[in-house]
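Encoded as structure tokens, the structure appears first; notes follow it.
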């Protein structure tokens, strides 16, 4: 082999090694530090540009519209309908991006973390170019792969495009119980970027592809930044007054007794107890 | 901090006055960068002196992360000051031998 080939090879290896050893340059990435909150006066419905519940005009299939209507009737009667989070299971995706309580985004070289105070949710968005895993365990938050984009061509990334798959359920879009399909084949695509005129506003264009929908559903979530935040721990399981026994949900009274959640709801079956309480 | 808190599943208690201070020194092993140490000193009024233990963790370079949601399918249930269990077939059951069922005073009818 000619000696110049060996020299070129050595030089190439040296460049690659140097690139790998290069420190993470934060200046290549946007400043998404701080605390992100829902803007004041914005509700926690999925599409915040529309009224809640039926006002959302969710593009549900006839089957899932019927499920949603039955859910609204159950919620009006004191039940939880198709909103599963009263037992403190995570919202999952895409609902987590309602950001009921504040969010923090931590950008690292190969991964971006999104932590959401509500229900202690954590998202890992892998940006290392990996492929989708073959056998990953489904989860409420799903598996997210992201790609940084320099849309402006200014030599600095400004958009994070994310796709999330591998979800499990049950999940709903928001507290009104807009349901996602029980087959959990949801795919969530996002474009996350700062507002061009106000760097303290973050946009997340969220497109949900799900078999409960007649078409992909895109909404834009907006968050505003708090630079010197106060973080308040929000632990759903602490003081949770909701109780689920079998398929029924009940409440705990303020004085510590089990109580019905709906009018005339019968008490739970106590077949496993030797004696009956009053 | 707030409570209640314990050190571990055996229920080793911390004081209910929640005046706990926890001091840590976290560092890599000098000879093996895949071992991380956390020297934890707990100062608490349930203790006669500061209690120092060293936790050791090993690094996994290609991790698989499993979502672990305690609230999902949790069979423990607290009603008032009593702890009960949910059976595999979805019924309320006692957690202790001879435990009385919960008081159902707020229900209109009683079940067997």
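Chains as they are written, first to last, in the numbering used here: chain A, 3 to 280; chain B, 27 to 138. C-beta atoms are modelled at their ideal positions from N, C-alpha and C, and glycine is treated no differently.
Sequence-distant residues of the same chain with beta carbon closer than 8 Å to residue i, five excluded per side
| i | result |
| --- | --- |
| residue 77(A) | 83, 85, 178 and 179 |
| residue 274(A) | none |
Chain B contact for residue i (CB, 8 Å cutoff)
| i | result |
| --- | --- |
| residue 26(A) | no |
| residue 264(A) | no |
| residue 23(A) | Since pLDDT at residue 23(A) reaches only 44, below the 50 mark, its modelled position is unreliable, and the value read off the structure follows with that caveat. Judged by the 8 Å Cβ criterion, residue 23(A) is not in contact with chain B. |
| residue 260(A) | yes |
| residue 54(A) | no |
| residue 114(A) | no |
| residue 282(A) | For residue 282(A) there is no data in the structure shown, the boundaries of chain A being 3 and 280. |
| residue 167(A) | no |
| residue 108(A) | no |
| residue 180(A) | no |
Close Cβ partners of residue i (< 6 Å) along its chain, the five nearest in sequence each way excluded
| i | result |
| --- | --- |
| residue 39(B) | 32 and 72 |
| residue 260(A) | 252 |
| residue 207(A) | 193 and 222 |
| residue 166(A) | 95, 144, 146 and 190 |
| residue 118(B) | 110 |
| residue 149(A) | 163 |
Secondary structure of residue i, DSSP reduced to three states
| i | result |
| --- | --- |
| residue 129(A) | coil |
| residue 264(A) | coil |
| residue 95(A) | coil |
| residue 153(A) | coil |
| residue 198(A) | coil |
| residue 72(A) | helix |
| residue 184(A) | coil |
| residue 53(B) | strand |
| residue 77(A) | helix |
| residue 148(A) | strand |
| residue 250(A) | strand |
| residue 56(A) | helix |
| residue 86(A) | helix |
| residue 38(B) | coil |
| residue 65(A) | helix |
| residue 120(A) | helix |
| residue 224(A) | strand |
| residue 29(A) | helix |
| residue 23(A) | Legend: pLDDT at residue 23(A) = 44, less than 50; position of this residue unreliable, no value from coordinates given. |
Chain-ordered chain A contacts of residue i [CB-CB under 7 Å]
| i | result |
| --- | --- |
| residue 134(B) | 266 |
| residue 93(B) | 141, 142 and 143 |
For residue j and residue i, believed in contact at Cβ under 8 Å, the rounded distance
| i | j | result |
| --- | --- | --- |
| residue 38(A) | residue 107(A) | 7 Å |
| residue 90(B) | residue 70(B) | Not quite, the Cβ-Cβ distance comes to about 36 Å (not below 8 Å), so this is no contact. |
| residue 129(A) | residue 117(A) | Actually they are not in contact, since the Cβ atoms of residue 129(A) and residue 117(A) sit about 16 Å apart, beyond 8 Å. |
| residue 211(A) | residue 218(A) | 5 Å |
| residue 141(A) | residue 93(B) | 4 Å |
| residue 84(B) | residue 60(B) | 6 Å |
Minimum Cβ-Cβ distance from residue i to chain A less than 8 Å
| i | result |
| --- | --- |
| residue 30(B) | no |
| residue 106(B) | yes |
| residue 60(B) | no |
| residue 130(B) | yes |
| residue 40(B) | no |
Within chain A, partners of residue i - CB distance below 8 Å
| i | result |
| --- | --- |
| residue 119(B) | 274 and 275 |
| residue 103(B) | 245 and 247 |
Proximal residues to residue i (C-beta, below 7 Å), its chain only, five neighbours per side dropped
| i | result |
| --- | --- |
| residue 20(A) | For residue 20(A), the pLDDT reaches just 41, beneath the cut-off of 50, and the residue's location in the model is therefore unreliable, although a value from the coordinates is still provided. Correct list: empty, nothing qualifies. |
| residue 276(A) | none |
| residue 263(A) | 80, 81, 251, 252 and 253 |
| residue 41(A) | 224 and 226 |
| residue 228(A) | 36, 37 and 39 |
| residue 99(A) | 206, 208 and 223 |
heavy atom of the ligand SAM below 7 Å from residue i C-beta
| i | result |
| --- | --- |
| residue 60(B) | The ligand SAM is not among the ligands present in this structure, which contains no ligands whatsoever. |
Where residue i meets chain B, residues with beta-carbon distance less than 7 Å
| i | result |
| --- | --- |
| residue 248(A) | 116 and 117 |
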